[in-house]
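Working notes, structure below.
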Amino acid sequence: MEKKDALALFQEMVVIRLLEETAAELYQQGKIGGFLHLYIGQEAVCAGIGSVRQPQDRIITSYRDHGWAISAGLDPKVVMAELLGKVDGCSKGKGGSMHMADVDKNFWGGHAIVGAHLPLAAGLALGDVYQGNDDAITLCMFGEGATNIGFFHEALNLSKVWNLPVLWVCENNRYGMGTVVERASAVSEIRQKAEGYGIRNERIEGMDVVDVRNNVSRILEDIRKNGGPFLLEIMTYRYRGHSMGDPERYRDKDEVKRWEEEDPIGKFRKYILKEKLATEKELAEKEEEAEKIISEAVEFAQSSPNPAKETLFDDIYVADFPVEYRGYTLEHESEER
Amino acid sequence: MARITMREAISNALREEMERDERVFIQGEEVGVWGGTYAVTKGFYDQFGEKRVRDTPIAETAIVGSAIGAAMTGMRPVAELMTINFAFVAMDHIVNEAAKLRYMFGGQFTLPLVIRAVSGGGRQLGATHSQTPDAIFAHFPGLVVVSPGTPADAKGLLKSAIRSDDPVLFIENATLYQTRGEVPDDPEHLEPLGKSKVQREGDDVTIVAYSKMVQSALEAADMLSEDGIEAEVVDLRSLRPLDMDPVIASFKRTNRAVIAEEGWRSYGVGSEVSARIYELAFDYVDAPVKRVAQAEVPLPYNSELEQLALPKTEDIYRAAKEVLYG
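Which chain is which? The protein sequence lines are A and B, in order. For the first sequence, the residue numbers in our numbering are 7 to 343. For the second sequence, the residue numbers in our numbering are 477 to 802.
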């Protein structure tokens with residue numbers, strides 16, 4: 007890895023970590039509403055994959071999507087503004103934490119119904135095949151918990167029947183909310199499920215960003231050459247609860263501690279120093295820059311206005327249908343009163 | 477103008493739009509090699525090939541979900557559900573994805589998608605295959621729900637649906653496929669989405685209907701005419717957006733209304749339309765609005781029982797007489 011790339015990747019992971027920690031604080035202050043699912047601990051996965059995907063590759067993921075938004079190239083400012091429900095958010099304040107997207111960055115969301123985005127991913131890939139975009143791959147991420155729902159199986163089957171260029175990425179963080187994988191899935195090695203569909207598959211460790219990067223780079227090359235689909239299971243861990251309202255009764259603190267020793271950011275720092283890709287001082291500078299990026303993002307988000315009331319009705323339909331307001335069209339309402 | 481069946485009208489609309497726009501393709505169960513279980517896509521596989529006429533696994537989630545994904549990339553898929561009863565399998569994708577993605581992501585992309593589904597009972601298919609659950613889908617903002625009652629409208633509305641940038645659920649009625657009517661040959665024959673239409677004029681009573689019940693309403697209007705009563709038949713054509721203007725305009729003249737639908741009465745299309753009549757034209761009400769609908773039972777297999785449960789021309793005729801106190 008080149009020095010410049012290593013430093014950029016390091017900074018990206020720190021930005022994601024800080025963004026999530028800051029989001030947790032803002033949530034506790036009541037500035038972020040709804041559900042908030044943090045990506046802390048899993049940064050090596052999105053950063054590693056994001057660093058080797060090509061611009062034509064589409065990204066689609068679940069509701070734990072902030073890290074993916076950053077790795078897809080969204081500005082932390084628009085991510086933070088979306089968390090605060092502001093008009094400058096990537097989804098104009100209408101999506102929130104679980105529904106971030108930026109089509110210009112080929113980031114197709116942020117989907118909050120477990121597994122429901124998998125058939126969509128098959129369709130994104132179908133769209134590329136149909137249009138002759140031979141070089142494009144759809145990267146679809148989901149947790150191991152999503153592999154027990156029907157969507158997963160229908161989507162995998164279709165992707166194989168139609169030979170769609172999808173890289174199915176299972177981020178196996180061991181828990182579907184509070185249920186450990188062994189208690190929810192007939193096979194706890196998720197990659198085995200791909201065998202039933204004749205889909206090539208592999209399981210890799212996900213706490214080391216260099217490993218993730220190298221493996222995914224190799225697999226993407228393979229798909230571009232030999233076609234898809236492919237299922238990649240990446241073993242990872244979330245340090246925080248499923249969401250902010252998680253009592254965490256399902257795992258003991260020692261387990262979390264053991265995984266924290268595998269911290270992807272700490273690991274990458276050690277690697278960079280060992281390989282002499284950068285100095286302590288240079289890493290410290292990157293951390294400082296990351297802090298500045300996040301504090302600027304918070305400032306930007308807080309000063310961004312709420313969406314105007316009139317936007318309530320925007321983007322329901324493309325067609326110019328009459329606006330329905332509490333059962334009346336506005337025209338009828340004014341006519342009758 | 478040619479006198480053709482509803483099936484031919486729908487088939488022609490699909491073929492013309494596929495010839496017009498390369499981005500339009502069809503996918504669903506048995507749409508290709510088989511030629512469509514209702515023969516709507518007969519000959520399409522040979523004409524357009526397997527890329528554009530895509531046989532799918534029996535997997536409605538995959539059919540609708542992947543059509544949504546393809547629409548997100550700018551394609552114009554027409555996903556076919558063999559019957560609307562199977563739409564429940566794909567319910568999440570219809571109501572949680574198709575209806576919401578554009579709004580939820582701040583309008584970043586369009587979803588130019590059509591989902592065709594066959595609705596209606598009366599063919600002894602038993603309770604699970606005979607439903608008319610159209611109203612359920614009209615509940616969700618973000619979807620356009622269309623259901624034509626005549627061959628000409630079927631063609632014009634389907635063509636508009638395919639050209640629309642919004643997700644459209646296009647509901648056909650299986651027992652209407654053989655119904656004939658005059659249909660314009662013009663490949664630019666388009667009917668607007670979200671617009672009701674007066675199918676027959678009259679000043680004595682307003683009959684509001686859609687899909688198959690339009691045919692029944694027109695028959696009932698002929699019967700009423702023999703009694704010296706002239707009914708106006710308003711065809712909703714779209715259940716969402718619901719265009720009340722022709723209904724209200726008619727009601728303000730007739731002051732009496734019957735609403736006919738093939739589905740169940742509770743929480744149905746008639747419930748919505750009658751509520752709006754009371755909201756929008758209360759001062760014009762001369763008689764309580766009547767709703768004609770299906771008996772509230774799962775449709776039985778036995779033909780006599782099934783027919784007993786389904787709303788009929790005679791029911792509309794009788795209801796019209798009742799609102800006229802005649």
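Glycine residues also receive a C-beta, built at the ideal position from the N, C-alpha and C atoms. On a predicted model such as this, the values are computed, not experimentally measured, just so you know.
Alpha-carbon spacing of residue i relative to residue j, whole angstroms
i	j	result
ASP759/B	ARG741/B	25 Å
GLU342/A	LYS728/B	Because GLU342/A sits at a pLDDT of 47, beneath the cut-off of 50, its placement in the model cannot be relied upon, and the point is left open.
MET104/A	VAL93/A	16 Å
SER640/B	TYR256/A	49 Å
ASN154/A	LEU126/A	17 Å
VAL85/A	ILE205/A	34 Å
GLU339/A	LEU756/B	Because the pLDDT at GLU339/A is just 49, under 50, the model does not fix this residue reliably, and the point stays unresolved.
ASN488/B	GLU505/B	20 Å
ASP6/A	LEU80/A	The structure shown does not extend to residue 6/A, since chain A is modelled only from 7 to 343, so the question has no answer here.
TYR245/A	LEU279/A	25 Å
GLN770/B	ALA566/B	25 Å
PHE646/B	VAL590/B	7 Å
GLU738/B	GLU677/B	22 Å
ASN778/B	GLN600/B	7 Å
VAL470/B	MET689/B	Summary: the structure shown does not reach residue 470/B, with chain B confined to residues 477 through 802, and so no result is reported for it.
SER542/B	ASP497/B	20 Å
GLU664/B	VAL222/A	49 Å
VAL765/B	PRO311/A	47 Å
GLY550/B	THR586/B	8 Å
PRO171/A	ALA725/B	54 Å
ALA538/B	GLU160/A	6 Å
LEU130/A	PHE616/B	24 Å
Sub-7 Å separation of residue i and residue j beta-carbons
i	j	result
ASP63/A	LEU145/A	yes
VAL476/B	PRO609/B	This structure leaves residue 476/B out entirely; chain B is present only between 477 and 802.
ASN731/B	ASP680/B	no
ILE240/A	GLU177/A	yes
THR789/B	GLU706/B	no
VAL602/B	ALA650/B	Residue identity check: residue 602/B is Gly in the sequence provided, not Val. No, the Cβ-Cβ distance between GLY602/B and ALA650/B is not below 7 Å.
GLY583/B	ASP321/A	yes
LEU15/A	SER57/A	yes
ARG552/B	ARG491/B	no
LEU162/A	TYR203/A	yes
ASP642/B	ALA122/A	no
ARG189/A	GLY54/A	no
SER747/B	ARG713/B	no
Closest by C-alpha distance to residue i, when choosing among the options
i	options	result
ILE271/A	TYR33/A, THR28/A and ALA50/A	ALA50/A
TYR69/A	LYS37/A, ALA53/A, ALA118/A and ILE210/A	ALA118/A
ASP134/A	PRO328/A, GLY234/A, LYS287/A and TYR33/A	GLY234/A
ARG224/A	LEU44/A, ARG59/A and ASP11/A	ARG59/A
GLN48/A	GLY36/A, LYS37/A, ILE22/A and GLU31/A	ILE22/A
VAL710/B	VAL540/B, VAL684/B and LEU718/B	VAL684/B
ILE560/B	ALA628/B, VAL621/B and ARG530/B	VAL621/B
THR185/A	PRO171/A, ASP217/A, HIS248/A and ARG209/A	HIS248/A
LEU132/A	VAL540/B, LEU775/B and MET720/B	VAL540/B
MET250/A	TYR323/A, ARG275/A, ALA30/A and VAL20/A	ALA30/A
Burial state of residue i, where buried means 16 or more other Cβ atoms lie within 10 Å
i	result
ASN179/A	buried
TRP74/A	buried
ASN232/A	exposed
PRO787/B	buried
LEU781/B	exposed
LYS527/B	exposed
ILE66/A	buried
MET183/A	exposed
TRP510/B	exposed
GLY704/B	exposed
SER165/A	buried
TYR801/B	exposed
MET477/B	exposed
LYS576/B	buried
TYR754/B	exposed
LYS287/A	exposed
ASP108/A	buried
PRO533/B	exposed
Strand pairing of residue i, partner residues [DSSP]
i	result
GLU208/A	LEU238/A
LEU589/B	BP columns for LEU589/B are empty, so no partner.
ILE66/A	CYS146/A
ALA478/B	VAL659/B
CYS176/A	PHE148/A and GLU239/A
VAL684/B	VAL710/B and ILE735/B
In chain order, what residues of the region 309-330 of chain A put their CB closer than 8 Å to some CB of chain D? Of the protein chains in this structure, namely A and B, none is chain D.
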